[in-house]
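Contents: one structure, followed by commentary.
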Amino acid sequence: MPHADSLILTLVGGFVLAFVFGMIANRLKLSPLVGYLVAGVVVGPHTAGFVADTELAPQLAEVGVILLMFGVGLHFSLADLMKVRKIAIPGALVQITAATVLGWGLGRLMGMSDLEATLMGFALSVASTVVLLRALEERKQVKGQVGRIAMGWLIVEDLVIVIALVILPLLVIQPGHDLNGAELASSIGWTLFKVAGFTAIMLVVGAKVLPWVLVRIAHTKSRELFTLGVLAIALGIAWVAYALFHSFALGAFLAGLVLNSSPLGHNAAERSLPLRDAFAVLFFVSVGMLFDPMILMREPLAVIGVLGIVIIGKSVAALAITTLFKLDKATSLTVAASLAQIGEFSFILAALSVQLGGMRQETHDLILAAALLSISLNPFVFALIDRMGAKPKPPLKEPVPVTALI
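Following the numbering used here from start to finish, the sequence shown increments by one per residue and tops out at 414.
Here is the structure:
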């Protein structure tokens, strides 16, 4: 493929096929994410026909990661988290631990090292915010108690992932750079200290400077300049964080978090949404490009085992925790079903693990297979819990105003 047109062909192939397969998935009552991932498989090197630029696609995907994390920060609500903190915080931490331990056990049975098995288990522990929101919106439960608990749970998981993405490069030691326990602890401590300092600067100084900058841009009354300003802030701060901690995710998340508290935070979210959606699609397509579908044939038992951890292991852990906190049956089942899938943050963690050499491509393929299957099966999981008594009650119909009948 000539380098001059590789960007255009990658964008055209990615967007067109993502749209086609996304529409097919939607018609089948599946999440469009399944269609985007399948589109990536189709244009990837493991299938016949057109192959997108495998070097360019990951860079476009990195922009998608930045904008995804920026969106997470923009929609992060500490107030909402505090309302359900007694359930969401311990629940998320216990469920992450349970899934990680189960993944580690399965990985060791498959002959993986302790580090690779732990990374696989950790990647399986984090649910997809996109899939969760879609499921709750279809059930009209986003603003109810179930929605608040599930979203608070996922906020905690997102925060854990952000920290993990910063620490992971220190845990995956490259050959010839062995560190003893004290040196590793010192490196992690120093990195966390820098992260804390960077976060403090962003929350104290950035919270005053960035909203002021947005207000000045808004005074120009130019939609283009405002959109460019929002993107410049997101990408610029993400790059600074990458230069300091090798983590685009942390900077993008903090940029969104700071703008979230500004008077123009809603406008910033609205302006960045179209590009965020577009690059998020490219992110999922690029993930699909890395997936070798033959893993389903080569390692069927391993795929079933990994999928079992996602759907059964995580659900049982969530049920145990919510039952311990004496939530009603319907709420416990709905929260458990909401978490019985994995998505974008699992991909990010797995991709970084492969890049650093802490995970093999075969393990990465297992995680992608579990994601594709768990997202596809999630509607059936909700149908099952509805039969068990978790079906939401239809909202009460409000009386029609007399004026509406005239």
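Heads up, the beta-carbon is just placed ideally off N, CA and C, and yes, glycines get one too.
Keep in mind that this is a model prediction, so the values were computed, not measured.
Checklist entry - Which parts of the segment 39-98 are runs of the alpha helix (DSSP H), unbroken and 4 residues or longer, counting only runs that do not cross its ends? => result Here the runs fully enclosed are 40-51, 64-82, 86-91.
Checklist entry - Nearest CA to the CA of Gly366: which residue from Leu82, Pro177, Glu70, Trp112? => result Minimum Cα distance to Gly366 is reached at Pro177.
Item to check | Whole-angstrom C-beta distance between Leu127 and Val203, which should lie under 8 Å | outcome: Not really, about 20 Å apart at Cβ, beyond 8 Å.
Item to check | Selection from Leu89, Gly48, Val20 that minimises the alpha carbon distance to Gly296 | outcome: Gly296 has its Cα closest to that of Gly48, out of Leu89, Gly48, Val20.
Checklist entry - Rounded to a whole number of angstroms, what is the C-alpha to C-alpha distance between Leu218 and Leu179? => result The straight-line gap from Cα to Cα measures roughly 33 Å.
Item to check | Residue closest to Thr235, alpha-carbon to alpha-carbon, out of Ser195, Leu200, Leu283 | outcome: It is Leu283 whose Cα lies nearest to the Cα of Thr235.
Checklist entry - How many whole angstroms separate the CB atoms of Ile5 and Ala242, which I take to be in contact at a CB cut-off of 8 Å? => result This structure cannot speak to residue 5, because the chain is shown only from 9 to 414.
Checklist entry - If we ignore side chains and look at the alpha-carbon of each, how far apart do Ala338 and Arg395 end up? => result Between the alpha carbons of Ala338 and Arg395 lies a distance of about 11 Å.
Item to check | Of the residues Leu192, Leu200, Leu89, the one placed nearest Phe253, counting alpha carbons only | outcome: Nearest of Leu192, Leu200, Leu89 to Phe253, Cα basis: Leu200.
Checklist entry - Mapping DSSP to helix, strand and coil, what is Phe201? => result Under the three-state reduction of DSSP, Phe201 is assigned to helix.
Checklist entry - CA-CA distance, Phe390 and Val46? => result So the two alpha carbons sit approximately 23 Å from each other.
Next on the checklist: Short of 6 Å in beta carbon distance, which residues of its chain neighbour Leu17, apart from the five on each side in sequence? Order them along the chain.
Outcome noted: Excluding sequence positions up to five before and after Leu17, its CB lies less than 6 Å from no other CB in the same chain.
Item to check | Delimiting residues of the alpha helix (DSSP H) encompassing Lys337 | outcome: Start and end: 337-346.
Item to check | Thr330 - containing alpha helix (DSSP H), residue span | outcome: Counting along the chain, the alpha helix (DSSP H) containing Thr330 begins and ends at 322-332.
Checklist entry - Does the separation of the CB atoms of Ser354 and Ala379 fall below 8 Å? => result Yes. Within cutoff.
Checklist entry - Secondary structure at Leu298, three-state DSSP: helix, strand or coil? => result Assignment of Leu298 by DSSP, reduced to helix, strand and coil, places it in the coil class.
Next on the checklist: Can you confirm whether the segment 135-142 touches the segment 161-178 when touching is taken to mean that 3 or more C-beta pairs between the two stretches lie within less than 8 Å?
Outcome noted: Using a Cβ-Cβ distance cut-off of 8 Å, the segment 161-178 and the segment 135-142 are in contact, since at least three pairs of beta carbons, one from each stretch, lie closer than that value.
Checklist entry - In angstroms, rounded to a whole number, what distance separates the CA positions of Val24 and Glu278? => result So the alpha carbons of these two residues sit roughly 24 Å apart.
Checklist entry - Is it right to say Ser340 is buried, meaning 16 or more other beta carbons lie within 10 angstroms of its own, or is it exposed? => result Classification for Ser340: buried.
Checklist entry - Given that a residue counts as buried once 16 or more other Cβ atoms are within 10 Å of its Cβ, and exposed if not, what is Lys322? => result So Lys322 ends up on the buried side.
Checklist entry - Between the C-alpha atoms of Met210 and Ala263, what's the straight-line distance to the nearest angstrom? => result So the alpha carbons of these two residues sit roughly 8 Å apart.
Checklist entry - Does DSSP put Ile350 in a helix, in a strand, or in coil? => result Reduced to three states, the DSSP call for Ile350 is coil.
Item to check | Ile225 to Ala100 span [Cα, whole Å] | outcome: Their Cα atoms are separated by approximately 39 Å.
Item to check | Reduced DSSP secondary structure (H/G/I, E/B, other) of Leu272 | outcome: Annotated three-state conformation of Leu272 is coil, per DSSP.
Item to check | DSSP-derived helix/strand/coil call for Gln149 | outcome: Coil at Gln149, not helix or strand.
Next on the checklist: What would DSSP say about Thr371, mapped onto helix, strand or coil?
Outcome noted: Reduced to three states, the DSSP call for Thr371 is helix.
Next on the checklist: Between Ala358, Ser346, Ser384, which has its C-alpha nearest Ala158's C-alpha?
Outcome noted: Selected option, being the one with the closest Cα: Ser346.
Checklist entry - CB Glu352 to CB Leu76, shorter than 8 Å? => result For Glu352 and Leu76, yes; Cβs fall inside 8 Å.
Item to check | Sufficient close CB pairs (3 or more, under 8 Å) joining the segment 317-333 to the segment 89-107 | outcome: Touching, yes, given that three or more Cβ pairs across the two stretches are closer than 8 Å.
Item to check | Endpoints, the alpha helix (DSSP H) within which Thr18 is located | outcome: Counting along the chain, the alpha helix (DSSP H) containing Thr18 begins and ends at 14-35.
Item to check | Expected contact under 8 Å - CB spacing of Ser384 and Val50 to nearest Å | outcome: Not really, about 16 Å apart at Cβ, beyond 8 Å.
Checklist entry - Apart from the five residues on each side of it in sequence, which residues of its chain come closer than 7 Å, Cβ to Cβ, to Ala310? => result Cβ neighbours of Ala310 beyond the five flanking positions: Met118, Leu374.
Checklist entry - Using the rule of at least 16 other Cβ atoms within 10 Å of the residue's Cβ for burial, across every protein chain shown, is Val80 buried or exposed? => result So Val80 counts as buried.
Checklist entry - Got a sec, what are the start and stop residues for the alpha helix (DSSP H) Val212 sits in? => result Looking at the DSSP string, Val212 is not in any alpha helix (DSSP H), and its letter there is neither H nor E.
Next on the checklist: Give me, in chain order, the residues of the same chain whose beta-carbon lies closer than 7 Å to that of Val223; leave out the 5 immediate sequence neighbours on both sides.
Outcome noted: Non-local beta-carbon contacts of Val223 in its own chain, meaning distances under 7 Å to residues more than five positions away in sequence, involve Leu272 in chain order.
Next on the checklist: Can you look up Gly184 in the DSSP assignment and give me helix, strand or coil?
Outcome noted: With a pLDDT of 46 at Gly184, under the threshold of 50, the modelled position of that residue is not reliable, and the figure given next carries that caveat. The DSSP-derived three-state label of Gly184 is coil.
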